[in-house]
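S.K.: Counted from 1, the sequence shown has number 417 at position 417 by the UniProt record's numbering; the numbering is strictly sequential. Idealized CB from N, CA, C, for every residue including glycine. For clarity, every value in this text was computed on a predicted model and none was experimentally measured. First the structure, then my questions, so here it is.
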Amino acid sequence: MTGLDASFLYMESPSVSMHTVILMLMDVSQVPGGYSFARIRRLFERRVHLIPLLRRRIVEVPGDLYHPVWIEDPALDLSQHLRRAKLAPRGDRRALESLVGELLSTPMSRARPLWEITFVEGLEEHRVALLCKVHHAVIDGAAMTTVLERVMTSDRDDHVVAPPTSTWAAEPLPGARQLVLDALHDRLRGLSRLPRLLGRTARAAVQLLQRTRGHKLSLPFIGPRTAFNAPLTPRRSFATVDLPLADVLAIKTLTGCTLNDVVLGVVAGALRRYLEGHGEVHRRPLLASVPVATGGLEDVRLSGNKVSSLLVSLRTDVADPLARLREIHALTEAAKDAHDHEIGGLLEQWSEYARPWLMQLFMNQVLPRLPRPPVNLVISNVRGATETRYLVGSALDSIYLGGPLLAQIGLNLTVWSYRDTLHLAAVGCPDTLPDLRALLAECEHALAELVVAVQSAGPDRGHRIQSHE
Numbered sequence: 001m002t003g004l005d006a007s008f009l010y011m012e013s014p015s016v017s018m019h020t021v022i023l024m025l026m027d028v029s030q031v032p033g034g035y036s037f038a039r040i041r042r043l044f045e046r047r048v049h050l051i052p053l054l055r056r057r058i059v060e061v062p063g064d065l066y067h068p069v070w071i072e073d074p075a076l077d078l079s080q081h082l083r084r085a086k087l088a089p090r091g092d093r094r095a096l097e098s099l100v101g102e103l104l105s106t107p108m109s110r111a112r113p114l115w116e117i118t119f120v121e122g123l124e125e126h127r128v129a130l131l132c133k134v135h136h137a138v139i140d141g142a143a144m145t146t147v148l149e150r151v152m153t154s155d156r157d158d159h160v161v162a163p164p165t166s167t168w169a170a171e172p173l174p175g176a177r178q179l180v181l182d183a184l185h186d187r188l189r190g191l192s193r194l195p196r197l198l199g200r201t202a203r204a205a206v207q208l209l210q211r212t213r214g215h216k217l218s219l220p221f222i223g224p225r226t227a228f229n230a231p232l233t234p235r236r237s238f239a240t241v242d243l244p245l246a247d248v249l250a251i252k253t254l255t256g257c258t259l260n261d262v263v264l265g266v267v268a269g270a271l272r273r274y275l276e277g278h279g280e281v282h283r284r285p286l287l288a289s290v291p292v293a294t295g296g297l298e299d300v301r302l303s304g305n306k307v308s309s310l311l312v313s314l315r316t317d318v319a320d321p322l323a324r325l326r327e328i329h330a331l332t333e334a335a336k337d338a339h340d341h342e343i344g345g346l347l348e349q350w351s352e353y354a355r356p357w358l359m360q361l362f363m364n365q366v367l368p369r370l371p372r373p374p375v376n377l378v379i380s381n382v383r384g385a386t387e388t389r390y391l392v393g394s395a396l397d398s399i400y401l402g403g404p405l406l407a408q409i410g411l412n413l414t415v416w417s418y419r420d421t422l423h424l425a426a427v428g429c430p431d432t433l434p435d436l437r438a439l440l441a442e443c444e445h446a447l448a449e450l451v452v453a454v455q456s457a458g459p460d461r462g463h464r465i466q467s468h469e
């Protein structure tokens, strides 16, 4: 296991579970042969070979000498991973979201592969929800889109799956002696690379200061403390909202910024409205951690993590929505430039030296005691398919991705674009953010406000934002 993958295991605590959830709403009205849980399960089992990560489980190294290892689970039992749930008659979106929150609140056993799929029945209009919960140590957003492209098709009738080209063989559990010897070998090899990494990091720090001189980049530990930047409990809430992609693309075109900039601008406007409505007015802008893939366009993965993060000010201290978007665009471009030239890849390399006790000390003792959180929230953006996708004859109607929370960082927002819609999902802790749906409702207002602001400004003012793409 890489250090970056393992770090998501080390981050866990009694109040923090590092798993993600994908909620897919499927139209099963035209499934060949009709829908039944038993039949869909059989069809799913035939596709397990397409997703190798489903067969892998972790094995801890004695004494935490090094990162855990992956093995092909010798005791894989799909009945422990494929589940069925049913909502009350004519189950609505709120009931479904409540169920997702309950499942997010439950950690997964590390004694078997770290994933679960729940088929949720009882929805309206011939729909079934597929709720996929998977640990972040297993996969990131970029790899997840590749997995979905592997198992889904662009044709409803194209549901024949080629058999596996090789026979799968489970691996026996490795012995303690072998685990220790391999761990010591890997640690020694890592120590030999440390001087070079230290030199590269020092050079990157100097170059970063030189390149960002004059930019108004946000630095860590200067964001305000909000109600959701508080100690978490294990409970989680989940909420969704759909935004028209056409409106976001229109703003992107008229201003010359990126789609991700518009998403950040919408979230910033929503947070400003929400916090002011709850009596919170902050002079300092909220800070967002924005995950970015580091593998490149050629990186086609079915598991693992290759991800870094940008620190972006949301300029929630700016009242005018168009001026706020302009500020966000400039700060994001500067952050991307610095990341691409100096920072990208360093996090992944340093994570190889992460240790469970050190990560746990930081997550459980240091982070909760900081006067302010390093960031206020996490905002992710995943680009999905532009045409309808099918899974064994079921049409994918919508898809939502919910990410994990961290100590003092009690809000995670993820946008997944699919066809003509931006599907926005939020994960929060109901004990620090009790009205998550109200926050997402503000996203609709913020988008409408930004549309009006851009249209009222006219082309001259709108195009003052210059794209650096």
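1) Go to residue 477, then tell me how far its alpha helix (DSSP H) extends in each direction, as first and last residue.
2) Taking 8 Å as the threshold (C-beta atoms), are Leu104 and Phe8 in contact?
3) My output table needs one value for Tyr10: the three-state DSSP class, helix, strand or coil.
4) Given a cut-off of 8 Å, decide if Gly141 and Leu401 are closer than it, judged by their beta-carbon atoms.
5) Touch check for the stretch 377-386 and the stretch 402-414: three-plus C-beta pairs under 8 Å?
6) Go ahead and label Leu219 buried or exposed: buried means 16 or more other beta carbons lie within 10 angstroms of its beta carbon, across all protein chains shown.
7) Compare the Cα-Cα distances from Asp320 to each of Leu271, Glu449, Leu194 and report the closest residue.
8) For Arg315, count neighbouring Cβ atoms within 10 angstroms of its own Cβ and tell me buried if that reaches 16, exposed if not.
9) Rounded to the nearest angstrom, what separates Met359 and Gly3 at their Cα positions?
10) Which same chain residues end up closer than 8 Å to Ala176 when comparing Cβ atoms and leaving out the 5 residues on each side of it in sequence?
11) Under 8 Å between the Cβ atoms of Arg284 and Pro224?
12) Among the residues of its own chain, which have a CB less than 7 Å from the CB of Ile251, if the five just before and after it don't count?
13) Identify the continuous alpha helix (DSSP H) that holds Gly402 and give its terminal residues.
14) By Cβ distance, which residues of its chain are closer than 6 Å to Arg389, with the 5 residues on each side in sequence left out?
15) Distance, Cα to Cα, Met18 vs His135?
16) Can you tell me whether DSSP reads Ala323 as helix, strand or coil?
17) Just verifying my parser: in three-state terms, what is the DSSP assignment at Glu425?
18) Which residue marks the beginning of the beta strand (DSSP E) containing Ala230, and which one marks its end?
19) Enumerate in chain order the residues of its own chain whose CB-to-CB distance from Ile117 is below 6 Å, with the five nearest sequence positions on each side excluded.
20) Lys86 bridges to which residues according to DSSP?
21) Taking only the alpha-carbon atoms, compute the straight-line gap between Phe228 and Glu97 and give it to the nearest angstrom.
22) For the alpha helix (DSSP H) that contains Ala268, what are its first and last residues?
23) Less than 8 Å between the CB atoms is what I'm expecting for Val241 and Cys443, so what's the real figure, rounded?
24) Check Ile379 in the structure and name its three-state DSSP category.
25) Please go through the same chain and pick out, in chain order, the residues whose beta-carbon is closer than 7 Å to the beta-carbon of Leu217, but skip the five residues on each side of it.
26) Any idea what DSSP makes of Lys133, helix, strand or coil?
27) Could you check what DSSP says for Ile409 in three-state terms: helix, strand or coil?
28) Quick test of your reading: Asp27 and Ser394, contact by CB under 8 Å. State the CB separation rounded to the nearest angstrom.
29) In three-state DSSP terms, what is Glu280?
30) For Asp27, which residues does DSSP report across the bridge?
31) So, using beta-carbon positions, are Tyr66 and Arg189 closer together than 8 Å?
32) Would DSSP call Gly33 helix, strand or coil?
33) Can you give me the Cβ contacts of Arg150 inside the same chain, cut-off strictly under 6 Å, excluding the 5 residues immediately before and after it?
34) Expressed to the nearest angstrom, what Euclidean distance is found between the alpha-carbon atoms of Ala323 and Val267?
35) Evaluate Pro172 with the Cβ neighbour count: other Cβ atoms within 10 Å of its Cβ, from every protein chain shown; 16 or more gives buried, anything less gives exposed.
M.R.: This is what the structure gives:
1) The question about residue 477 has no answer, for the chain in this structure spans 1 to 469.
2) In the sequence shown, counting from the first residue as 1, residue 8 sits at position 8. In the sequence shown, counting from the first residue as 1, residue 104 sits at position 104. It is not a contact, given that the beta carbons lie outside the stated cut-off.
3) In the sequence shown, the residue the question calls residue 10 occupies position 10. Three-state result, Tyr10: helix.
4) Position 401 of the sequence shown holds residue 401. Position 141 of the sequence shown holds residue 141. In this structure, Leu401 sits near Gly141, with a CB-CB distance shorter than 8 Å.
5) Flag = yes, the stretch 377-386 and the stretch 402-414 touch.
6) As a working note, residue 219 is residue 219 in the sequence shown. Its pLDDT being 46, under 50, Leu219 is placed unreliably by the model, and the measurement read from it follows with that caveat. So Leu219 counts as exposed.
7) Here the question's residue 320 lines up with position 320 in the sequence shown. Checked all of Leu271, Glu449, Leu194; the closest Cα to Asp320 is Glu449.
8) Numbered from 1 along the sequence shown, position 315 holds the residue referred to as residue 315. Label assigned to Arg315: buried.
9) For this step, residue 359 is matched to residue 359 along the sequence shown. For this step, residue 3 is matched to residue 3 along the sequence shown. When rounded, the distance between both Cα atoms is 12 Å.
10) The residue labelled residue 176 in the question sits at position 176 within the sequence shown. Answer for Ala176: Pro62, listed in chain order.
11) One-based indexing of the sequence shown puts residue 284 at position 284. One-based indexing of the sequence shown puts residue 224 at position 224. Cβ atoms of Arg284 and Pro224: closer than 8 Å.
12) Looking up residue 251 in the sequence shown gives position 251. The answer, listed in chain order, is Val262, Leu450, Val451, Val454.
13) Sequence index remark: in the sequence shown, residue 402 carries index 402 (1-based). From DSSP, Gly402 is part of no alpha helix (DSSP H) but of the beta strand (DSSP E) over 394-402.
14) Walking along the sequence shown from the start, residue 389 turns up at place 389. These residues qualify, in order along the chain: Met152, Leu396.
15) Position 18 of the sequence shown, counted from the start, is the residue given in the question as residue 18. Position 135 of the sequence shown, counted from the start, is the residue given in the question as residue 135. As the crow flies, the alpha-carbon of Met18 is around 6 Å from that of His135.
16) Here residue 323 is taken as the residue at index 323 of the sequence shown, counted from 1. Three-state result, Ala323: helix.
17) Against the sequence shown, residue 425 aligns to sequence position 425. Glu is not the amino acid found at residue 425; the sequence shown has Ala there. Here Ala425 sits in strand by DSSP.
18) Taking the first residue of the sequence shown as position 1, residue 230 is located at position 230. No beta strand (DSSP E) holds Ala230; DSSP gives it neither H nor E.
19) Indexing the sequence shown from 1 puts residue 117 at position 117. The answer, listed in chain order, is Leu82, Cys132.
20) If you number the sequence shown from 1, residue 86 lands on position 86. In the DSSP output, where bridge partners are listed per residue, Lys86 has Glu121.
21) The count along the sequence shown starts at 1 and reaches residue 228 at position 228. The count along the sequence shown starts at 1 and reaches residue 97 at position 97. The straight-line gap from Cα to Cα measures roughly 19 Å.
22) Along the sequence shown, read from residue 1 onward, the residue named residue 268 stands at position 268. Here the alpha helix (DSSP H) through Ala268 covers 259-277.
23) Residue 241 sits at position 241 when you count from the first residue of the sequence shown. Residue 443 sits at position 443 when you count from the first residue of the sequence shown. Going by Cβ atoms, the distance from Val241 to Cys443 rounds to 6 Å, so yes, they are a contact pair.
24) For the purposes of this step, residue 379 is taken as the residue at position 379 of the sequence shown. Here Ile379 sits in strand by DSSP.
25) The residue you call residue 217 lines up with position 217 of the sequence shown. Note that Leu217 scores a pLDDT of 49, beneath 50, so its modelled location is shaky; the value from the coordinates is reported in the next line. Answer for Leu217: Leu331, Ala334, Ala335, listed in chain order.
26) Within the sequence shown, numbered from 1, the residue matching residue 133 stands at position 133. Three-state DSSP puts Lys133 in a strand.
27) For the purposes of this step, residue 409 is taken as the residue at position 409 of the sequence shown. Ile409 falls in the strand class under three-state DSSP.
28) The residue labelled residue 27 in the question sits at position 27 within the sequence shown. The residue labelled residue 394 in the question sits at position 394 within the sequence shown. Yes, they are in contact, since the Cβ atoms of Asp27 and Ser394 sit about 6 Å apart, within 8 Å.
29) Position 280 of the sequence shown holds residue 280. Coil, per DSSP.
30) As a first step, residue 27 is located in the sequence shown; it is residue number 27 there, counting from the start. Paired residue(s): Arg127, Ala395.
31) Taking the first residue of the sequence shown as position 1, residue 66 is located at position 66. Taking the first residue of the sequence shown as position 1, residue 189 is located at position 189. No, Cβ-Cβ distance for Tyr66 and Arg189 is not below 8 Å.
32) Within the sequence shown, the letter at position 33 stands for residue 33. In the structure shown, Gly33 sits in coil (DSSP, three-state: anything other than H, G, I, E or B).
33) For the purposes of this step, residue 150 is taken as residue 150 along the sequence shown, with counting starting at 1. Result list for Arg150: Leu50, in chain order.
34) Along the sequence shown, read from residue 1 onward, the residue named residue 323 stands at position 323. Along the sequence shown, read from residue 1 onward, the residue named residue 267 stands at position 267. Roughly 15 Å between the two C-alpha positions.
35) Taking the sequence shown and counting its residues from 1, the one referred to as residue 172 is at position 172. Burial check for Pro172: the Cβ neighbour count within 10 Å stays below 16, so the residue is exposed.
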